[in-house]
Each structure stands twice: as structure tokens, then as C-alpha cells.
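Below: the structure, in C-alpha cells.
Numbering (the UniProt record's numbering), first residue to last: 1 to 110.
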């Protein structure tokens, strides 16, 4: 199911496409939320071979972002971006539902 409430930025789509091409996999990024991290929940990124039937799918420049229904409840409205800085390069989730986050940028609370 297509979900415009979840967005993959063009920079993130380009990076996913490059990683997927290197690994010979489809350009599908799976974002999930797990318990843990320093703020209660943490983001987990992985390349996926396919989208599951109940996944929410958002597409940017031919790259799919897939999220399971449980995780979607915690990250609906988010933008997944790819940021390069002096401190390194990483995927970053801009989550409007997060009430608190930590310095690492991969953990949040609602």
C-alpha cells in the first residue's frame, strides 16, 4: 500500500540505489522500529529483497522505502534522509512523533 505520510528523500534514495547496486539487490530499504536504544525505541535499516503484503511502501526515484504496520504507527509522517557531515555519513529519520531523541540520532521516545 502506497503511503505518502512516509518519505524517502532524493539523497537517501540515491544512496540506497548505490548500495543495492553494489550488493546486487533490489533498491528496497526496510525501516523498522525496535525497543531499545537510549531513548526507548531505535531505528533499524536493512536492504530488503521484497515488500511484504502488509508493508507500507513509499517510492522516490525508483527506490522503495518499506515499513511494517507496527513500526509505521511510531514513524508515520517521517522523512528518511541521508546526511553527510564531518562526523560521518548516515541515514537519519526526521520523526515528527518523537517527543525526545538522543545525540546518536538513531534512538527516540514518543
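Every residue, glycine too, gets a C-beta built ideally from N, C-alpha and C. Being a predicted model, the structure only gives us computed values, none of them experimental.
Classify residue i as helix, strand or coil using the three-state DSSP reduction.
{"i": "residue 23", "result": "helix"}
{"i": "residue 55", "result": "coil"}
{"i": "residue 86", "result": "coil"}
{"i": "residue 74", "result": "helix"}
{"i": "residue 3", "result": "Note that residue 3 has pLDDT 48, beneath the 50 cutoff, so the model's placement of it is unreliable and the number below is only indicative. Three-state result, residue 3: coil."}
Which residues does DSSP pair with residue i in a beta bridge?
{"i": "residue 35", "result": "41"}
{"i": "residue 15", "result": "Paired residues: none, contrary to the question."}
{"i": "residue 65", "result": "29 and 58"}
{"i": "residue 122", "result": "There is no way to answer for residue 122, as the model of the chain reaches only from 1 to 110."}
Taking the C-alpha atoms as reference points, what is the distance between residue i and residue j?
{"i": "residue 65", "j": "residue 30", "result": "6 Å"}
{"i": "residue 83", "j": "residue 91", "result": "6 Å"}
{"i": "residue 3", "j": "residue 56", "result": "Because residue 3 carries a pLDDT of 48, less than 50, the predicted location of this residue cannot be relied on, and the following value inherits that uncertainty. Distance between the alpha carbons of residue 3 and residue 56: 6 Å."}
{"i": "residue 98", "j": "residue 71", "result": "13 Å"}
{"i": "residue 94", "j": "residue 74", "result": "12 Å"}
{"i": "residue 69", "j": "residue 7", "result": "15 Å"}
{"i": "residue 21", "j": "residue 88", "result": "22 Å"}
With 7 Å as the threshold, decide whether the Cβ of residue i is near any Cβ in chain D.
{"i": "residue 21", "result": "Considering every chain present, this structure includes no chain D. It has just one protein chain."}
With C-beta atoms as the reference, is residue i less than 7 Å away from residue j?
{"i": "residue 42", "j": "residue 34", "result": "yes"}
{"i": "residue 10", "j": "residue 49", "result": "no"}
{"i": "residue 63", "j": "residue 17", "result": "yes"}
{"i": "residue 5", "j": "residue 76", "result": "yes"}
{"i": "residue 47", "j": "residue 25", "result": "yes"}
{"i": "residue 58", "j": "residue 44", "result": "no"}
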